[in-house]
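Going by our numbering, the residue at position 118 of the sequence shown is 133; the numbering climbs one at a time, nothing skipped.
For each residue, glycine too, the CB sits at the ideal point set by N, CA and C.
Everything numeric in this text was worked out from a predicted model, so none of it was measured.
Data block below; observations after.
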Amino acid sequence: MQIAEIMTRDVAYLSADESIQRAAQLMADLDIGAVPVCDGRRLIGVVTDRDIAVRCIAAGASPSASVREAMTAHVSWCYADEDAETVKAKMRDEQIRRMPILGKNNELVGVVSLGDLATKAGDTDDTLAGISEPARASGELFR
16 MQIAEIMTRD VAYLSADESI QRAAQLMADL DIGAVPVCDG RRLIGVVTDR
66 DIAVRCIAAG ASPSASVREA MTAHVSWCYA DEDAETVKAK MRDEQIRRMP
116 ILGKNNELVG VVSLGDLATK AGDTDDTLAG ISEPARASGE LFR
C-alpha cells in the first residue's frame, strides 16, 4: 500500500512570513499541534505548538514574530508513492509523529500521522512503540 492511500490530503500550511499568532490561531481552529511551512507549495519547515512556546514565547517574542523564528527548518519527509511500511519505519526510526508527504514535483501534497496509520493501515504497535520511546534522558522529571 502506498502512503498516498493513507495520508491526509488538502493540508493547511503557513508561509514563513506569517505571525506565530496566526499559526497558533490556525492550530486552535483545526485542533492540531503542527503545521507545515511552505514557500508556495514547497516545504521549507514545520512549526509546532511547542516550537512557538519554547522558541518564541519563552524567549519573550511578540505574537507578531514570524513563523520563521519558531519553525524547524530541517524536516523529514517522504514521497506520496512510497510504500506505507517504508514510511512507518522512517517515522519509527526518527521518532516522528507526523510526516509531510511530497508529490512528484516536490510540492506538499499531504501529511500522514500516527493516527492515519493506526486507522487506515493497521498494525502500528511497533511503530507506536518506536516513535514514543524517549529520545534521550534529560535528568529526572516530576520529582
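- Message: Since R24 and E122 should fall inside the 8 Å C-beta cutoff, what is the C-beta to C-beta distance between them, to a whole number of angstroms?
- Response: With a Cβ gap of about 12 Å, R24 and E122 do not count as contacting.
- Query: In terms of residue numbering, what span does the beta strand (DSSP E) encompassing A49 cover?
  - Reply: Note, A49: beta strand (DSSP E), A49 to D54.
- Query: Can you tell me the Cα-Cα spacing of S153 and R107, whole angstroms?
  - Reply: No answer about S153 holds up, because its pLDDT of 43 lies below 50 and its placement is not dependable.
- Enumerate in chain order the residues of its own chain whose CB-to-CB distance from A76 is below 6 Å, with the five nearest sequence positions on each side excluded. There are no such residues.
- Nonlocal neighbours in the same chain, by C-beta distance under 7 Å from V26, ignoring five residues either side: Contacts found: P51, L123, G125 and V126.
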